[in-house]
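The structure appears below as C-alpha cells.
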Amino acid sequence: MKVAIFPPNSMILADMIVRSGHEPLVVQKEMKQKVTSPDIDAPPFNMTEEDPINGLKYAAIEVPSGVRGRMSLFGPIIEQAEAAIIMSEAPYGFGCVGCARSAELTVFSLRRRNIPILELEYPTSRDATVEMVYKINTFLDNLKEEEE
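Numbered by the working numbering, the letters in the sequence shown go through residues 22 to 169 in order.
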C-alpha cells in the first residue's frame, strides 16, 4: 500500500513504512524526477515553468507561486496516497522547512481523500517515542491486513 508521510521528507517514517512492506510516498522521489530532468538548469533550486501551473490544481491563482510550486511536488503524493501518517507539533528542523500554507493545504488535502490516516504529535520524551513507534507499527500492520 502507498503511504503518504507528512512532513513529506521524514526518513525515519519512510524507513518504518518500507520495513512493514508498504511503499512510502516521500518528496525525495518527486524531487528526483525534477532534478534529473533536462528542463532544470541548477537543481534543486530551479522550477520549471510548468510547476506553478501544475500547482493550480491545488491552489488558486492568487496564491503565491512558491505555494503552487510546492503543491506541484506534494500533489502527486496526495493523489497516490492510499493511507497517510501525519506528524504534527514537530520542531522547526523536522521535515520540510517551507511555507506553512503549503503544509496546511497538504494536510487538508490528505484528510479530504477519505483514506486511513494516523495523526500523531511529535514525541517529546522517550516514553512518548516508544508509544509513537508502537502506534505507527500497529497502523501499518492493520493496513497490511486490509490489503489481504
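Where a beta carbon is used, it is the ideal one built from N, C-alpha and C, also for glycine. It should be emphasised that the depicted structure is a prediction, and the values quoted were computed from it without experimental measurement.
The region 94-135 contains, as complete alpha helix (DSSP H) runs of 4+ residues, the segments 121-133 (chain order). A straight line joining the alpha-carbon of S146 with that of E110 spans about 14 Å.
Taking a cut-off of 8 Å for Cβ pairs, the region 32-39 and the region 118-127 do not touch, as fewer than three such pairs fall below it. In this structure T127 is in contact with F95, their Cβ atoms being roughly 5 Å apart against a cut-off of 8 Å.
Taking the Cα positions, V24 is about 31 Å away from E83. In this structure, E140 sits away from M22, with a CB-CB distance that is not shorter than 9 Å. For the pair L161 and E44, the Cα-to-Cα distance works out to about 11 Å. Taking all protein chains in view, the Cβ of A149 is surrounded by fewer than 16 other Cβ atoms within 10 Å, so the residue is classified as exposed.
Taking every protein chain shown into account, the CB of A80 has 16 or more other CB atoms within 10 angstroms, so this residue is buried. By the C-beta density criterion, G76 is buried, having at least 16 other C-beta atoms within 10 angstroms. Spatial neighbours of S130 in its own chain (CB-CB distance under 6 Å, excluding positions within 5 residues in sequence) are listed in chain order as I99.
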